[in-house]
Amino acid sequence: MSFKRRENFRPTDKKLILVGSKNPVKISCTEDAFTRAFNSSFLVEGINASSGVPEQPFGERETLLGAKNRAHNSREIFPEANFWVGIEGGVDEDEKGMYAFAWIYILHDSGKSSQAKTGTFYLPIAVEKLIKEGMELGKADDLVFNTENSKQQGGSVGILTQGVINREEYYRQAIILALIPFLNKELY
83 MSFKRRENFR PTDKKLILVG SKNPVKISCT EDAFTRAFNS SFLVEGINAS
133 SGVPEQPFGE RETLLGAKNR AHNSREIFPE ANFWVGIEGG VDEDEKGMYA
183 FAWIYILHDS GKSSQAKTGT FYLPIAVEKL IKEGMELGKA DDLVFNTENS
233 KQQGGSVGIL TQGVINREEY YRQAIILALI PFLNKELY
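In our numbering, the protein residues as written are 83 to 270.
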């Protein structure tokens, strides 16, 4: 499906979900999360949508803003969808060191929105050092762990858990948590 020309849009029985990224991991986990949550199939497509934040967001606010911007910018590009999803990974620090997490932000065609955050995990000192020097987490992982394009595969979480939790699984749970208000409309 092409999103450059809106006249190519053909309504189907399936609801359309746009993910504000072309990253195959983000698209796949969104499709799986929506399918599991609603026990239904969806048409899920990725679209290049600006996060409006630095390549490596730092802190809760900046990371959540990136997820919100991706969802809202996806809606601006293609308003005919039913849901727009923004997924933004970020880092922050505390007394134990630097940790990673992601925010999920979901918009519905009704105007309702919701958000949820993944779990957090601490990054190795070598990765932390590269991020502090200005490198994005995925690139830092590739350099430290001698991998290529890890952020479109298992990501940091996959590398550090030795594949027990991959990036898709990591995001999926938070997407489902962000869907709670849509699954329980009478409560929200």
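Cβ coordinates follow ideal geometry from the N, Cα and C atoms, glycine included.
The three-state reading of DSSP puts Gly168 in strand, counting E and B together.
In the three-state DSSP reduction, Ala163 falls in the coil class, being neither helix nor strand. Short of 8 Å from the beta carbon of Ile109, and not among the five residues preceding or following it, lie these beta carbons of its own chain, in chain order: Val101, Ser103, Val126, Glu127, Gly128. Rounded to the nearest angstrom, the Cβ distance from Ala184 to Phe203 is 11 Å, too far for a contact under 8 Å.
Between Leu205 and Gly179, the CB-CB gap stays under 8 Å. Per DSSP, Gly240 is one residue of the alpha helix (DSSP H) stretching across 237-242.
Restricting attention to alpha helix (DSSP H) runs no shorter than 4 residues, the segment 97-145 encloses them at 106-120, ordered along the chain. From the listed residues Gln255, Ile257, Lys194, the smallest Cα separation to Lys267 is found for Lys194. When secondary structure is reduced to three states using DSSP, Lys221 falls in the helix class.
Phe124 has its alpha-carbon roughly 28 Å from the corresponding atom of Gly172. Around the beta carbon of Ser192, fewer than 16 other beta carbons sit within 10 angstroms, so the residue counts as exposed.
If you check the CB distance, Ala163 and Ile258 do not come in under 8 Å. Boundaries of the beta strand (DSSP E) harbouring Leu189: 179-190, taken from the DSSP string.
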